[in-house]
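Here the structure is laid out as structure tokens; the discussion comes afterwards.
Numbering (our numbering), first residue to last: 2 to 174.
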């Protein structure tokens, strides 16, 4: 019987508001109420957010959703029927949750299941912590990861030996 024990490292997303993630990703200094995204920026954000889990903060109950894509229309442009009346997402959030959208010109997050057509404004979503980053890291992120995890062979072996000792492999149950 052979047991291979080693350590590995990977990147994870930190819990943060989607708007903060967007500002970092698109290198925006400030967000103002009139902000909107160009199609190219929307596509970049969609690629970054796709399949991530987000939690919503506009409801008392913290729900999580999986991101399918971003809408091509903004929260102020998307409307749907409520009791026979056309209502925009901004109007719906004001009436239903007493929440006035601060960024009505941003796209919404289209969450799964896609067939339900559930659109949530980006500003009420947080990225759920602990999700493994599956995308290719940027050069700067790769450099930071290597610096944080690089160890000399003897230090790495000592760490592995310590973990083996803690696991008590030699003891028979």
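From the three backbone atoms N, C-alpha and C, an ideal C-beta is built for every residue, glycine too.
Would you mind working out which of 159, 53, 167 sits nearest residue 65, comparing C-alpha positions?
53
Between the beta-carbon of residue 8 and the beta-carbon of residue 157, is there less than 9 Å?
yes
As assigned by DSSP and simplified to three states, the class of residue 31
coil
Run through the DSSP bridge pairs and tell me what residue 54 is partnered with.
67
Determine whether the beta carbon atoms of residue 75 and residue 118 lie at a separation below 9 Å.
no
With distances taken from CA atoms, which of 11, 128, 4 is nearest residue 135?
11
Given residue 73 as reference, the closest of 37, 98, 159, 168 once Cα atoms are compared
37
Take the Cβ of residue 140 as the centre, count every other Cβ of all protein chains shown within 10 Å, and call the residue buried at 16 or more, exposed below.
exposed
Taking 8 Å as the limit between beta carbons, can you name the residues of its chain near residue 58, skipping five residues before and five after?
125, 126, 127
Is the CB-CB distance between residue 1 and residue 46 below 9 Å?
Summary: the structure shown does not reach residue 1, with the chain confined to residues 2 through 174, and so no result is reported for it.
Taking only the alpha-carbon atoms, compute the straight-line gap between residue 31 and residue 24 and give it to the nearest angstrom.
8 Å
With a CB to CB cut of under 8 Å and the five nearest residues on each side skipped, what residues in its chain are close to residue 19?
50, 55, 110, 123, 124, 126, 127, 128
Rounded to the nearest angstrom, how far is the Cβ of residue 69 from that of residue 115, given a contact under 8 Å?
5 Å
Which residues in the same chain as residue 42 place their Cβ atom closer than 7 Å to its Cβ, once the five residues preceding and following it in sequence are excluded?
27
Own chain residues within Cβ distance below 8 Å of residue 146, not counting five before or after
10, 12, 138
Under the rule that 16 or more other beta-carbon atoms within 10 Å means buried, what is residue 112, buried or exposed?
buried
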